[in-house]
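Before any comments, here is the structure.
Structure representation (structure tokens):
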């Protein structure tokens, strides 16, 4: 059965990117929320490496190695870890990629592989509405 | 047995390896309320530039140099579902095309 939920984005979302809250579940600590951009231009989901210790990842290179290229064509190595998170009220496991080569404070991106292939999202930008089936 | 770094995409999707398991939010607006507050007020957060902060409902409840320290602080406060975000320095807005 398909259940489409509607989310009103009645805030000035950052830089005209669609930003949504993502709940994370740090080991031994209460759940937290971080912001992430819904980014159909990102092939994978990429998160800020500052979140690694919160998720209990002590060795970023222990993940699955993924070659990355930034928007400015800078190459880097990324490492993917399957992380259970919550978006739009639903728990899903998404491979999140982190890079030791890029600085902390990067924007969290929910991208095509691992996110958009699990979640149906429709955007009515003019009405600031998201239609989600998850 | 697969060597390290050779997991298939299916394995990556199905086997969480980081963090802990999902638990439902105590507040139905958890995350959204804090996101709205942050977006509406981030221009006023100049005192926190370069720091990580935790936003709970309609205000900042913790700040530190690292995200981990902020999470430790909110954990000690017993608060759940704080928005943990870095306050960037104010700059001229650029338009990203990617």
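Residue numbers (our numbering), protein chains in the order written: chain Y, 1 to 134; chain V, 1 to 98.
We treat Cβ as the ideally placed atom computed from N, Cα and C, and that holds for glycine.
Computed from a predicted model, the values in this text were never measured in an experiment.
Give the single residue among the options whose Cα lies nearest to the Cα of residue i.
i                      : options                  : result
residue 104 of chain Y : V:65, V:71, V:38         : V:65
residue 103 of chain V : V:25, V:86, V:49, V:57   : This structure cannot settle anything about residue 103 of chain V, because the visible part of chain V is limited to 1 through 98.
residue 36 of chain Y  : Y:55, Y:133, Y:122, Y:86 : Y:86
residue 22 of chain V  : Y:48, Y:83, Y:56         : Y:83
residue 51 of chain Y  : V:61, V:69, V:48         : V:69
residue 28 of chain V  : V:80, V:50, V:74         : V:80
residue 115 of chain Y : Y:124, Y:129, Y:91       : Y:91
residue 132 of chain Y : Y:89, Y:61, Y:17, Y:66   : Y:89
residue 41 of chain V  : V:63, V:31, V:59         : V:59
So what's residue i in DSSP terms, helix, strand or just coil?
i                      : result
residue 43 of chain V  : helix
residue 133 of chain Y : strand
residue 24 of chain Y  : strand
residue 47 of chain Y  : coil
residue 119 of chain Y : coil
residue 10 of chain V  : Confidence at residue 10 of chain V is low in this model, with a pLDDT of 45, below 50, so its placement is unreliable and the value that follows should be read with caution. Note: residue 10 of chain V maps to helix in three-state DSSP.
residue 4 of chain Y   : coil
residue 126 of chain Y : coil
residue 54 of chain Y  : helix
residue 62 of chain V  : strand
residue 2 of chain V   : At residue 2 of chain V the pLDDT is 36, less than 50, meaning the model places this residue with poor confidence; the figure from the coordinates comes in the next sentence. In this structure, residue 2 of chain V counts as coil in the three-state DSSP scheme.
residue 74 of chain V  : helix
residue 33 of chain Y  : strand
residue 32 of chain V  : helix
residue 64 of chain Y  : strand
residue 54 of chain V  : strand
In chain B, which residues lie less than 8 Å from residue i when you measure between Cβ atoms?
i                      : result
residue 105 of chain Y : No chain B appears in this structure, whose protein chains are Y and V.
Using 8 Å for Cβ pairs, my map puts residue i next to residue j. What's the rounded Cβ distance?
i                      : j                     : result
residue 82 of chain V  : residue 33 of chain Y : 7 Å
residue 113 of chain Y : residue 43 of chain Y : 6 Å
residue 95 of chain Y  : residue 80 of chain Y : 4 Å
residue 128 of chain Y : residue 8 of chain Y  : 6 Å
residue 89 of chain V  : residue 31 of chain V : That belief does not hold up - the Cβ atoms of residue 89 of chain V and residue 31 of chain V are roughly 25 Å apart, past 8 Å.
Return yes when at least one heavy atom of the ligand ZN lies under 7 Å from the C-beta of residue i, else no.
i                      : result
residue 104 of chain Y : As presented, the structure is devoid of all ligands, the ligand ZN included, so that no description of it is given.
Is there contact here, the stretch 65-83 of chain Y with the stretch 14-23 of chain Y, by at least three beta-carbon pairs under 8 Å?
-> In this structure the stretch 65-83 of chain Y does not lie against the stretch 14-23 of chain Y, because fewer than three pairs of beta carbons, one per stretch, are closer than 8 Å.
What are the uninterrupted segments assigned as beta strand (DSSP E) that are 3 or more residues long and contained completely in the stretch 70-124 of chain Y, given in chain order?
-> Qualifying beta strand (DSSP E) stretches, in chain order: 75-87, 90-98, 120-124.
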